[in-house]
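Note that full-length UniProt numbering gives residue 112 to position 112 of the sequence shown, counting from 1, and the numbers run on in steps of one. Note that the Cβ used here is the ideal one computed from N, Cα and C, for glycine as well. This structure is a prediction, so every number in the text was calculated from the model and none was measured. Notes to accompany the following structure.
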Amino acid sequence: MASTYGKNLVDGGQVFHPPRPAEQSFLGVSLKWVSLVLMVVQMVGMVFILRVSRTEQVDGPRYLNTTAILFAEMLKFHGSLFIHWIVSKNFREFSVELRQHFLLDRWGLARSSVPSLLYTLQNNLLFIGLSHLSAGLYQVTYQFKILTTAALSFVVLGTRLSAEKWFALFLLTVGVMLVNVSGMHKSSSTDEGNTMVGLTAVIVACFTSGFAGVYTEKILKLSSASLWIRNMQLALFGMMFAFVIAIKNDGQRIRSDGFTQGYTSLVWAVVVCQAFGGFLSGAVMKYADNILKCFGCAIAIIFTCLLSVFELHEFTPDSFFLFGTIIVLISTGIYSLGLPSGAIGTLATRAVFMLPKGDVFGEPRRQDGLRCGET
Numbered sequence: 001m002a003s004t005y006g007k008n009l010v011d012g013g014q015v016f017h018p019p020r021p022a023e024q025s026f027l028g029v030s031l032k033w034v035s036l037v038l039m040v041v042q043m044v045g046m047v048f049i050l051r052v053s054r055t056e057q058v059d060g061p062r063y064l065n066t067t068a069i070l071f072a073e074m075l076k077f078h079g080s081l082f083i084h085w086i087v088s089k090n091f092r093e094f095s096v097e098l099r100q101h102f103l104l105d106r107w108g109l110a111r112s113s114v115p116s117l118l119y120t121l122q123n124n125l126l127f128i129g130l131s132h133l134s135a136g137l138y139q140v141t142y143q144f145k146i147l148t149t150a151a152l153s154f155v156v157l158g159t160r161l162s163a164e165k166w167f168a169l170f171l172l173t174v175g176v177m178l179v180n181v182s183g184m185h186k187s188s189s190t191d192e193g194n195t196m197v198g199l200t201a202v203i204v205a206c207f208t209s210g211f212a213g214v215y216t217e218k219i220l221k222l223s224s225a226s227l228w229i230r231n232m233q234l235a236l237f238g239m240m241f242a243f244v245i246a247i248k249n250d251g252q253r254i255r256s257d258g259f260t261q262g263y264t265s266l267v268w269a270v271v272v273c274q275a276f277g278g279f280l281s282g283a284v285m286k287y288a289d290n291i292l293k294c295f296g297c298a299i300a301i302i303f304t305c306l307l308s309v310f311e312l313h314e315f316t317p318d319s320f321f322l323f324g325t326i327i328v329l330i331s332t333g334i335y336s337l338g339l340p341s342g343a344i345g346t347l348a349t350r351a352v353f354m355l356p357k358g359d360v361f362g363e364p365r366r367q368d369g370l371r372c373g374e375t
């Protein structure tokens, strides 16, 4: 009998939705919220230790970002393999599932390569975009990935959102834009660039980012394979692409000083945190969705900026950051709790008059050329 989950059934002329499976929980708390909270903590912590690792004084060559990403993918693969071994009932079940999903189901394995290919394409597109756009215009344009993710969730997964949820996503996009352009001033940094080329590259990157996330969510939720098997498959292709990129970008330095040049205990902490983030990303997509992940990322950006104010002392908040933070928090509340009837139009009108005035398409706010949270 064909599955009817996620479809509308008609009975006596009335349409009703079949009940969804019970949510999985940890200590009585839904895994959806557990994974989202842990993701926010991981993202903020990752920025902090990554920033410290890139600015600390070292004797000799500094570690390579490309090799750190490679080691993180390797750790993610072997960590998933270990957890799969732990949760398997016996060795036979462990080996049968590995054989099924890595040797027999070649089409399923091949599908897991799609996100890695898309993320590689996305990174190249963003490099092109940043080469032709000012930092402010680049950051503002790239936030449209929130809306493309929601649109692709509807197209690929059939996710239907109410008007108030779309309004919340629009507010979230505006809020994240304001937070990202906080403190920027006028610049002529695009004099030598082609703005149309840059905008096209970033907009295409918004769609590749959204599709990669939605596609990953689809294979995690609709596949018979466990989360750990899928994480292993994703990490396998992640390792392949990371190795190719490491050799392509830093091959000479690797041949000269090795893969682990400049590695300290702090650098290995970066690797572990990056791998942990991969686990959490998969968990969020399986137990929550990409749209909630966008809200989690926005909250993480705000906490990262606050960390940069009070701990790293690299950022001074201004009115854009204040209004952006308020809008992000309001949008999160609207998406989660909803709005009273007729409130959308009123809030939209007031939000226009609340926005701070000024040119936001300019130089990044920090003197080292990086926006808040980047290294």
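Coarse secondary structure for residue i, derived from DSSP in three states
| i | result |
| --- | --- |
| LEU121 | helix |
| TYR63 | coil |
| GLY258 | coil |
| ASP105 | coil |
| HIS313 | coil |
| ASN90 | coil |
| THR304 | helix |
| VAL284 | helix |
| LYS225 | According to the sequence displayed, residue 225 carries Ala and not Lys. The answer is coil: DSSP assigns ALA225 none of H, G, I, E or B. |
| PHE211 | helix |
| GLN42 | helix |
| GLN233 | helix |
Same chain only: Cβ atoms within 6 Å of residue i, ignoring 5 sequence neighbours per side
| i | result |
| --- | --- |
| HIS313 | none |
| PHE310 | none |
| SER209 | GLN122, LYS145 |
| GLY324 | GLY175, LEU178, VAL179 |
| ILE83 | TRP228 |
| ILE245 | THR66 |
| GLY296 | LEU36, MET39, VAL40 |
Buried or exposed (CB count within 10 angstroms, at least 16 for buried), residue i
| i | result |
| --- | --- |
| PHE91 | exposed |
| SER336 | exposed |
| TRP228 | buried |
| HIS78 | exposed |
| THR173 | buried |
| GLU73 | buried |
| SER153 | buried |
| VAL96 | exposed |
| residue 384 | Residue 384 lies beyond the stretch modelled for the chain, which goes from 1 to 375, so this question has no answer here. |
Residue i and residue j closer than 8 Å at C-beta
| i | j | result |
| --- | --- | --- |
| VAL202 | GLY129 | yes |
| PHE276 | VAL44 | no |
| PHE241 | SER116 | yes |
| SER112 | ARG230 | yes |
| ASN204 | MET177 | According to the sequence displayed, residue 204 carries Val and not Asn. No, these two residues do not count as a Cβ contact at 8 Å. |
| ILE146 | CYS294 | yes |
| ALA212 | LEU70 | no |
| ILE334 | PHE167 | yes |
| VAL181 | ASN290 | no |
Neighbourhood of residue i by C-beta distance below 8 Å, restricted to the same chain and skipping five residues each side
| i | result |
| --- | --- |
| LEU280 | SER35, LEU38, MET39, GLN42 |
| LEU222 | none |
| LEU307 | VAL44, VAL47, PHE48 |
| MET239 | LEU70, GLU73, MET74, PHE77 |
| ASN194 | HIS132 |
| TRP85 | PHE94 |
Neighbourhood of residue i by C-beta, 7 Å cutoff - its chain only, sequence neighbours within 5 removed
| i | result |
| --- | --- |
| LYS218 | VAL156, LEU157 |
| GLY262 | VAL58, GLY60, PRO61, ARG62, TYR63 |
| ARG160 | PHE154 |
| ASN249 | THR66 |
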